[in-house]
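Visitor:
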Amino acid sequence: MATCLNSRFPVLLAALTLALTAPAFAQTNPGAEKDDTAVAEQVEALKKKVIRLNRDLFILEEDLLFPANTQVAVFLSVDAGKFLKLDAVKLKVDDEIVASHLYTERQAKALERGGMQRLYVGNLKTGVHQMTAFVEGIGPDQRPYKQAASLEFEKSTGTAALEIRVEDRSSDYQPSVSIVEWE
Amino acid sequence: MGLTVFKPFRAGPVLFTGALLWLTMIAPAQADEPQPERAEDLRYGWVLYEYHQGNAFEALTQLAVAREQGGIDGHGDHPALVEGGLMLSWGMTREASRLFTELLGADGAGSTLSTDVRNQAWFYLGKVFYLEGDHDLASENLERVDGDILAEANHDLFREWIYLRARLAMMSSRFGDESDLASLRAKLEDTDIWSLYLRYNSAVSALAAGDAVTAEAELQALIAIIEQSTDSAEPEAEREGLLGRARLSLARLYLRDNQFDAALGVLGDMPLNGVFADQALFDYAVAAAGQGRPERALHALDTLSNRDLFLPWRQQVPFARAYVLEQMNRPQQALPAFKQAADHYQARIEELNNIRNRLSEENLMAQLDFSRDSDGILTDSYGRLRVQPVDFGMAEVLASETFQQALAELNELYRMQSFVAERQSRFESFRVMLETREQQRQVRIAQTRRALENQQADQWQQLHQEFSEKISEALTEEDAGFFMTSKQKALRDKLDKVEETLAGLPDDATTASQRATYQRMRAYFDWWIADDYGVNRWAAQKQLRELNREMDRFQAQRQRVETLMADDARHAELARRIAASERELATLGEEIADALGNARQALLSQVDSMLVAQQEELNGYLLASRHAQARLADQLFRASQNAGAGDE
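In order, the protein sequences belong to chains A and B. For what it's worth, our numbering labels the leading residue of the first sequence as 1, then goes sequentially. For what it's worth, our numbering labels the leading residue of the second sequence as 184, then goes sequentially.
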């Protein structure tokens, strides 16, 4: 061995160098690769199950807490967001504050790109109710901006869905806030 | 042999995420179906809100909820496309593939999505399979892309598409792939970074096939192209890195063939502050030793010795240094250098033994530094964790795709486990909700019972019965008086009173006249009653029929309320769903625990294999160092003996 190392050292050294550039662990045996695939498939199958179960639990929770005949859901959308950088929203139903939210940059961007946030879900008796939304942010010319919108609506025996819309109004370069009822 | 295939994807996958989002969200504007300005379905809007925040799990859950509750209206195929994108980014590649194939079809026929969107969906799917090492599926999906349309829509993706197909052709042994490969390479400019990667990987393939001449030519060409095309004032890090790698590889080819001058020439061009500076320095030492200039070799090795010897490839340095000293005919210095090398290898082997004996997930994780934000560990768009090794000995294992995948899977499994734990904690509140709901129902039942009692329903029922019987009796007896109207009854009462008054008056002429008048009136009244009997009877029967209907309705309503009060089917159904979900969650928890065990084992096995390989290398050097020590000690002893004999 010693003789061998002595006589062929430069070649051996180079060969060792070359061999070491290919990490030993990269030489995966087929069995190990198969096991990896099996774990990956197992994880994917579990993810499917987790989504299905989360769906069932979500629906179950809604059925328990917010039955369809009393449920009211309020969504928030931001169309364009050119004239308003959304900071916060407060929601009042029948003179009681039921929801408030401060927006991170990521959430505000998600809204501007077409997402809709479910701001509030609760229960209301059938009859007429008053809803008011207060929207705060940075408006045109980088000035603090605050605007409110109200809607009187009748809650029937079905699920009620309302949307707070923050839109750009090109006529006066101002944002506008409105509440609309979804059929 | 020694070169490894270069994978140029590790640097910037985040960019690909951006592209993927663009693919699914913006591109539909070019589709046949007009892009809605705003979500036309609230649930879809909610999905997009989660999607744009990168919350794949939440978005996928909302899509599943929407599907369960009747689907999403007004957005055509886009929700499915978004779902496919979400699955890709959440590591559900097989499901994503199935969904895209179902959605887009092999030729895209029947889909409302534009060719551009379909192209990009196939591209990303193919790329994910390529990264996962599934070359058949990668080829299948990449072949579906229409190159002309992709080139026009997104030239960067087109270039990458060419690269991926060329790589797949290189790895394939099919007949005709050589010409395919040549035509693919011809589509890229020589200076294109993708073309440069292809050239490098072509050299690797040639070397693997034993064609060192082609490999050398490819590497020389690659170095020349980069040198000519690089702006020296503003060099690109990516090209610089590739240039360094190409030079190192070429130098090693020369070393392999004992062309030490050529190797020194290539290595001499490498910058001392480059990524590959240390490896170049070592190769320089080998070349210098081979060239018969051990002083230079020793100088290079001394420089390397002063650096941290953590990286596995640097373990050669102590032995090499001692060997060069021996070659320089300095046995007095070489002997302690070999001893030092042997001690170093012995210590390192023991250290690795300790690490292997203590190897656990906890120890392993302690060696890794994960990048985190407020939402947890950061990942790239393919679900790989952003992680750096604390111990650089881990760097190589960490760089392997299988280790990265295993690590990402382990992380996903832990996230699923915490999901299960969090959901399990909710079942208690679900039961409380159900109980509260039942209590409220009982309260409402009690209120309803009181209201029903206040309605005195039984009394009304009795009156109705009595009234029916009376009418029936009057009909049988044809009792016209019974069916008289109120006006007729009032008139009858008046006539009765007149008759009574007349009966009390004396019998004189006036009274006689009055009695005659009364008789005429009574006769007329009787005739009127008889005449109206049919009408009055019909009116009474009509009223009775209406009353019967109302009473029936009242009874039915009451029956329904009674049924509702007695029926607890909804409660039972909710209770059943809670119990079923709880069972399912428990089963899922067990399955996740099993998968965690497997993933943990796979991860630790990979690290252990790496440590074993390192130990084997070190054992080789240890043995060689000890043999050299023995040989030198013997040589020195003999020399001293000879010198002693000479003195005598």
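Note that beta-carbon positions come from the ideal geometry of N, C-alpha and C, so glycine has one too.
Is there a Cβ from chain B that is less than 8 angstroms from the Cβ of A/Asp-79?
Guide: yes
Visitor: Using a threshold of 8 angstroms, state whether the C-beta atoms of B/Trp-377 and B/Ile-345 are closer than that.
Guide: yes
Visitor: So, for A/Ala-161: in the same chain, excluding its five sequence neighbours on each side, which residues have a beta-carbon less than 6 angstroms away from its beta-carbon?
Guide: Ala-73, Trp-182
Visitor: Nearest CA to the CA of B/Leu-617: which residue from A/Tyr-173, A/Pro-67, A/Arg-118, A/Glu-136?
Guide: A/Pro-67
Visitor: Any C-beta of chain B within less than 8 angstroms: which residues of the segment 48-65 of chain A qualify?
Guide: Lys-48, Lys-49, Val-50, Ile-51, Arg-52, Leu-53, Asn-54, Arg-55, Asp-56, Leu-57, Phe-58, Ile-59, Leu-60, Glu-61, Asp-63, Leu-64, Leu-65
Visitor: Could you give the residue range of the beta strand (DSSP E) that holds A/Gln-147?
Guide: Taken as a continuous stretch (DSSP letters only), the beta strand (DSSP E) holding A/Gln-147 covers 144-155.
Visitor: Please state the DSSP three-state secondary structure of B/Leu-815.
Guide: helix
Visitor: At which residue ranges does the segment 267-334 of chain B contain complete alpha helix (DSSP H) runs of 4 or more residues, listed in the order of the chain?
Guide: 276-287, 298-315, 318-326
Visitor: State the Cα-Cα distance for the pair B/Ala-629 and B/Met-748, rounded to the nearest angstrom.
Guide: 9 angstroms
Visitor: B/Phe-521: buried (16+ other C-beta within 10 angstroms of its C-beta) or exposed?
Guide: buried
Visitor: Using three-state DSSP, classify A/Val-93 as helix, strand or coil.
Guide: strand
Visitor: Shorter than 8 angstroms from the beta carbon of A/Arg-118 to some beta carbon of chain B?
Guide: Among the CB atoms of chain B, one or more fall inside 8 angstroms of the CB of A/Arg-118.
Visitor: Can you pull the chain B residues whose beta carbon is under 8 angstroms from the beta carbon of A/Gln-71, in chain order?
Guide: The contacting residues do not exist; A/Gln-71 stays about 13 angstroms from chain B at best.
Visitor: Reducing DSSP to helix, strand and coil, say where B/Gln-252 ends up.
Guide: coil
Visitor: Specify whether the segment 93-101 of chain A and the segment 117-136 of chain A touch according to this definition: at least 3 beta carbon pairs, one from each stretch, less than 8 angstroms apart.
Guide: yes
Visitor: Within 10 angstroms of the Cβ of B/Val-328, are there 16 or more other Cβ atoms? Answer buried if so, exposed if not.
Guide: buried
Visitor: Suppose contacts are defined by Cβ-Cβ distances below 8 angstroms. Is B/Leu-787 in contact with B/Glu-534 by that definition?
Guide: no
Visitor: For A/Pro-175 and chain B, any beta-carbon pair shorter than 8 angstroms?
Guide: no
Visitor: Assign A/Ser-150 to one of two classes, buried (16 or more other C-beta atoms within 10 Å of its C-beta) or exposed (fewer than that).
Guide: Flag for A/Ser-150 reads exposed.
Visitor: Please identify, using Cβ separations under 8 angstroms, the residues of the segment 87-109 of chain A that lie next to chain B, in order along the chain.
Guide: Arg-106, Gln-107, Lys-109
Visitor: Just how far apart, CA to CA, sit B/Gln-430 and B/Ala-524?
Guide: Looking at the sequence itself, residue 430 of chain B is Arg, so the reference to Gln does not match. Spanning the two alpha carbons is a distance of roughly 29 angstroms.
Visitor: Taking 8 angstroms as the CB-CB cut-off, is A/Phe-9 touching chain B?
Guide: Low local confidence applies: a pLDDT of 42 at A/Phe-9 is under 50, so the model's placement there is unreliable, with the coordinate-based value given in what follows. Chain B, which has a Cβ nearer than 8 angstroms to the Cβ of A/Phe-9, makes this yes.
Visitor: Which residues of chain A have a Cβ atom closer than 8 angstroms to the Cβ of B/Ser-764, listed in chain order?
Guide: Ordered by position in chain A, the residues that pass the 8 angstroms Cβ test against B/Ser-764 are Leu-53, Asp-56, Leu-57, Leu-60.
Visitor: According to DSSP, simplified to helix, strand and coil, what is B/Thr-693?
Guide: helix
Visitor: Would you verify that the beta carbon of B/His-235 is, or is not, closer than 8 angstroms to some beta carbon of chain A?
Guide: yes
Visitor: For B/Leu-542, which residues from the same chain have a beta carbon less than 7 angstroms from its beta carbon, with the 5 sequence-adjacent residues on both sides left out?
Guide: Leu-787, Val-790, Asp-791
Visitor: Assuming contact is defined by CB atoms lying nearer than 8 angstroms, are A/Leu-119 and A/Phe-75 in contact in what I supplied?
Guide: yes
Visitor: Tell me the rounded alpha-carbon separation between B/Asn-441 and B/Gly-473.
Guide: 7 angstroms
Visitor: For the putative contact between B/Val-469 and B/Leu-487, defined by C-beta atoms under 8 angstroms, what is the C-beta separation to the nearest angstrom?
Guide: About 12 angstroms separates the two Cβ atoms, so there is no contact after all.
Visitor: Using beta carbons (cut-off 8 angstroms, strictly below), is B/Val-248 in contact with chain A?
Guide: yes
Visitor: With C-beta atoms as the reference, is B/Lys-370 less than 8 angstroms away from B/Leu-347?
Guide: no
Visitor: Rounded to the nearest angstrom, what separates B/Gln-784 and B/Ala-549 at their Cα positions?
Guide: 17 angstroms
Visitor: One question on the structure: do B/Ala-796 and A/Arg-55 come within less than 8 angstroms of each other, judged by their Cβ atoms?
Guide: no
Visitor: Taking just the CA atoms, how far does B/Glu-509 sit from B/Leu-390?
Guide: 33 angstroms
Visitor: Report the neighbours of B/Gly-274 on chain A: residues whose CB is nearer than 9 angstroms to its CB, in chain order.
Guide: Ala-40, Val-43, Glu-44, Lys-47
Visitor: Output yes if chain A places a C-beta closer than 8 angstroms to the C-beta of B/Gly-309; else output no.
Guide: no
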